[in-house]
Amino acid sequence: MNSLKEHINPFEMSTGSSKLGQFKVLIPVILGLLLVTLMIAKTGIMAAIFCLGLVFVAVLLYRLFTIPRLGIILLVIQGFTVIGISRYVPAPLGLSIDGVLILLYLALFFKAFSEKVKWDKAKSHLTLLVGMWMGYIFLQIVNPEARSIEAWFYAMRGLGLYQFLVIPLAFILFNKPKDLQLFFIIWGVMSILGTLKGLMQYTIGVDPYEQAWLNAGSYKTHILFGKLRVFSFYSDAGQFGAAQGHAGVVFCILAIFRKAASKKVRAFYLVVGVMGLFGMLISGTRGAISVPGMGGIMYLILSKNIKMLTLGAVFGIGVYVFFAHTTLMHSNPEIRRMRTAFDPNDASLQVRLANQRKLKSYLASRPIGGGVGATGNWGQRFTPHTFLANTATDSWYVMIWADTGVVGLWYYLFMVFFILITGAYNVMFRIKNEDQKVMMTAITCGFAGIMMASYGNGVFGQMPTGIVMYLSMVFMFSSKSWSEETEEKELKEPLKSIQ
Numbered sequence: 023m024n025s026l027k028e029h030i031n032p033f034e035m036s037t038g039s040s041k042l043g044q045f046k047v048l049i050p051v052i053l054g055l056l057l058v059t060l061m062i063a064k065t066g067i068m069a070a071i072f073c074l075g076l077v078f079v080a081v082l083l084y085r086l087f088t089i090p091r092l093g094i095i096l097l098v099i100q101g102f103t104v105i106g107i108s109r110y111v112p113a114p115l116g117l118s119i120d121g122v123l124i125l126l127y128l129a130l131f132f133k134a135f136s137e138k139v140k141w142d143k144a145k146s147h148l149t150l151l152v153g154m155w156m157g158y159i160f161l162q163i164v165n166p167e168a169r170s171i172e173a174w175f176y177a178m179r180g181l182g183l184y185q186f187l188v189i190p191l192a193f194i195l196f197n198k199p200k201d202l203q204l205f206f207i208i209w210g211v212m213s214i215l216g217t218l219k220g221l222m223q224y225t226i227g228v229d230p231y232e233q234a235w236l237n238a239g240s241y242k243t244h245i246l247f248g249k250l251r252v253f254s255f256y257s258d259a260g261q262f263g264a265a266q267g268h269a270g271v272v273f274c275i276l277a278i279f280r281k282a283a284s285k286k287v288r289a290f291y292l293v294v295g296v297m298g299l300f301g302m303l304i305s306g307t308r309g310a311i312s313v314p315g316m317g318g319i320m321y322l323i324l325s326k327n328i329k330m331l332t333l334g335a336v337f338g339i340g341v342y343v344f345f346a347h348t349t350l351m352h353s354n355p356e357i358r359r360m361r362t363a364f365d366p367n368d369a370s371l372q373v374r375l376a377n378q379r380k381l382k383s384y385l386a387s388r389p390i391g392g393g394v395g396a397t398g399n400w401g402q403r404f405t406p407h408t409f410l411a412n413t414a415t416d417s418w419y420v421m422i423w424a425d426t427g428v429v430g431l432w433y434y435l436f437m438v439f440f441i442l443i444t445g446a447y448n449v450m451f452r453i454k455n456e457d458q459k460v461m462m463t464a465i466t467c468g469f470a471g472i473m474m475a476s477y478g479n480g481v482f483g484q485m486p487t488g489i490v491m492y493l494s495m496v497f498m499f500s501s502k503s504w505s506e507e508t509e510e511k512e513l514k515e516p517l518k519s520i521q
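Numbering (our numbering), first residue to last: 23 to 521.
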């Protein structure tokens, strides 16, 4: 050993700096630096930014094709950031999500030439359900009531395409317990950043770019009685409030009940949960309160504990009485706005009900709806003079009803309730591992909360809630196999000790 050390000269070892001295490496580096210098001299700093952008894209493409799993992580981050960035960069950044999805499928296609891709992992009732839904959305192209192919193209992405493309990818690349824990970390960090950005808007005010967005027309829904409805870097205050309520439910459950996690991890969960609920409060979104409300009810059901059910029922009644039958803390503008959600005579609620009555009459003779993209922003953009474009839906389910008719609505409701019931059944009867059960309980409760909130706002198909929900569905269906794998491993352990 000593003789070996004596023959090794550390100064003669090959290092990164010595390799750089080789002409094969040094010449391209020098030429590259000269090229960048010339571009900056001729065209300014934008050339340097452009070059850095090309390098970033090249590295990203390389990593996506070598480690496709990273693409799922990128999609989650994109879901949280593309809309906020688009306020500063006038570009159709939403299409970058489509680009990453296409690249991921290409990566798997080329990967199949060198190693076997386990496509069979995507075989699931969930894949079949979302595939049938996407098929129905595709057939909406020939809906005789449809007025615009362009509206269909833009609207169908959030309504069905992203879900249809993400779910098989997640089954193949991102469906293990370790993936779920990584998902919680990314989701938690982005939610904390979302609340911090919202807090800046709440205390300091909006920046010039956000002000320009408000001036372009968003002030009508985001400044009420002189008070800003906080939207952070999300698409709007409704999405921000519901998404933060979603994080609040999921991470509070994890913080309180996930005993297997370390103290640091549980502290992280607690911070995310509390900040999520705070973000929901400052958003001024009344419907967002249904996320923790329904999530809490779902938790009581999944716990199968009579004492917990009783305590939860008492707490729920107390919350209802506080908002609906008292004026306590009424001077607080956030509490005051949340309180209107419990008022059956609220003017906003009456307008929504009136619009639904008009839609019911209009859709009575249109069982497959008025065409995907006929309502909302896409309707206003591509078919601004039609009845559906000028009738507010104010709800994810009402929008589906108007666009795809009663046929589409009934199928969609069947699909999401099937997913929810599958997740609940797995938690209550199939998952034996306590840590996995807590994580899936949190996911299932959050899913139920967003389902409820989607009646008041179109949150389900918007980012970031959309990508969070699609991955949640995959975890809800994958959790049964996790439990089986854990049980099989536990059964093998005693046999190994005997051998």
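Beta carbons are placed, not taken as given, at the ideal position from N, Cα and C, and that holds for glycine.
Beta-carbon contacts of residue i that lie in its chain and below 6 Å, excluding the five residues immediately before and after
{"i": "Thr5", "result": "With the chain running from 23 to 521 in the structure shown, residue 5 is simply not present."}
{"i": "Ile520", "result": "The predicted model places Ile520 with a pLDDT of 40, which falls under 50 and marks its position as unreliable, so this point remains unresolved."}
{"i": "Lys502", "result": "Asn448, Arg452"}
{"i": "Glu456", "result": "none"}
{"i": "Asn377", "result": "Thr413, Ala414"}
{"i": "Trp423", "result": "Leu431"}
{"i": "Ala177", "result": "Val394, Gly395, Trp400"}
{"i": "Val152", "result": "Gln185, Phe186, Ile189"}
{"i": "Met316", "result": "Ala470, Gly471, Met474"}
{"i": "Gly101", "result": "Met485, Pro486, Ile489"}
Residue of the options minimising C-alpha distance to residue i
{"i": "Leu125", "options": "Val79, Met154, Gly239", "result": "Val79"}
{"i": "Gln203", "options": "Ala282, Phe186, Leu250, His268", "result": "Ala282"}
{"i": "Met491", "options": "Asn327, Gly427, Val188, Thr88", "result": "Val188"}
{"i": "Gln180", "options": "Phe404, Gly116, Asn327, Ile357", "result": "It is worth fixing the name first, because residue 180 is Gly in this sequence and not Gln. Ranking Phe404, Gly116, Asn327, Ile357 by Cα distance to Gly180 puts Gly116 first."}
{"i": "Trp209", "options": "Val293, Trp418, Ser240, Ser284", "result": "Val293"}
{"i": "Gln233", "options": "Tyr434, Val77, Tyr110", "result": "Tyr110"}
{"i": "Leu128", "options": "Leu86, Gly468, Arg388", "result": "Leu86"}
{"i": "Gly122", "options": "Glu167, Gly216, Ile105, Leu96", "result": "A quick correction: the sequence has Val, not Gly, at residue 122. Closest by alpha carbon: Leu96."}
{"i": "Asp416", "options": "Val81, Met498, Tyr477", "result": "Tyr477"}
{"i": "Val287", "options": "Phe206, Asn327, Ser305, Ile214", "result": "Phe206"}
{"i": "Gln168", "options": "Thr405, Val438, Tyr291", "result": "For clarity, residue 168 is Ala in the given sequence; the question names Gln instead. Measuring from the Cα of Ala168, the nearest candidate turns out to be Thr405."}
{"i": "Ser312", "options": "Gly398, Val341, Thr149", "result": "Val341"}
{"i": "Val438", "options": "Val343, Asn354, Thr149", "result": "Thr149"}
{"i": "Trp418", "options": "Lys242, Thr332, Asn479, Phe279", "result": "Asn479"}
Beta-carbon spacing of residue i, residue j below 8 Å
{"i": "Phe255", "j": "Thr103", "result": "yes"}
{"i": "Asn197", "j": "Val496", "result": "yes"}
{"i": "Trp155", "j": "Gly182", "result": "yes"}
{"i": "Ala446", "j": "Thr426", "result": "no"}
{"i": "Ala470", "j": "Met320", "result": "yes"}
{"i": "Leu276", "j": "Val460", "result": "yes"}
{"i": "Thr217", "j": "Phe300", "result": "yes"}
{"i": "Leu375", "j": "Thr463", "result": "no"}
{"i": "Val98", "j": "Ile441", "result": "no"}
{"i": "Pro90", "j": "Lys133", "result": "yes"}
{"i": "Gly483", "j": "Val271", "result": "no"}
{"i": "Ile163", "j": "Ile171", "result": "yes"}
{"i": "Ile107", "j": "Gly220", "result": "no"}
{"i": "Leu371", "j": "Val420", "result": "no"}
{"i": "Met450", "j": "Lys329", "result": "no"}
Three-state secondary structure assigned by DSSP to residue i
{"i": "Leu322", "result": "helix"}
{"i": "Lys249", "result": "strand"}
{"i": "Met491", "result": "helix"}
{"i": "Ser500", "result": "helix"}
{"i": "Tyr110", "result": "coil"}
{"i": "Glu137", "result": "coil"}
{"i": "Met485", "result": "coil"}
{"i": "Asp425", "result": "helix"}
{"i": "Thr332", "result": "helix"}
{"i": "Trp418", "result": "helix"}
{"i": "Ser387", "result": "coil"}
{"i": "Ser529", "result": "For the chain, the structure presents residues 23 to 521; residue 529 sits outside this window and is missing."}
{"i": "Phe404", "result": "helix"}
{"i": "Gly43", "result": "For Gly43, the predicted model reports a pLDDT of 47, less than 50, meaning its position is unreliable and no value from the coordinates is stated."}
{"i": "Arg179", "result": "helix"}
{"i": "Gly392", "result": "coil"}
Beta-carbon contacts of residue i that lie in its chain and below 8 Å, excluding the five residues immediately before and after
{"i": "Phe436", "result": "none"}
{"i": "Trp504", "result": "Lys198, Pro199, Ile453, Asn455, Gln458"}
{"i": "His244", "result": "Leu236, Leu250, Arg251, Phe253, Asp258, Ala259"}
{"i": "Leu385", "result": "Gly391, Gly392, Trp423, Ala424, Gly427, Val428"}
{"i": "Gly43", "result": "In this prediction, Gly43 scores a pLDDT of 47, lower than 50, which makes its location untrustworthy; the coordinate-derived value is nonetheless stated afterwards. Correct list: empty, nothing qualifies."}
7 Å Cβ shell around residue i - same chain, five flanking residues per side excluded
{"i": "Gly401", "result": "Ala173, Gly395, Thr408, Leu410, Ala411"}
{"i": "Ala144", "result": "Pro190, Phe193, Ile194"}
{"i": "Ala310", "result": "Gly263, Ala264, Gly267, Met302, Ala475"}
Considering only residues of the segment 437-467, which uninterrupted alpha helix (DSSP H) runs meet the minimum length of 4 residues and lie entirely inside it, listed in chain order? none
What are the complete alpha helix (DSSP H) segments, minimum 4 residues, inside the segment 210-274? 230-235, 241-244
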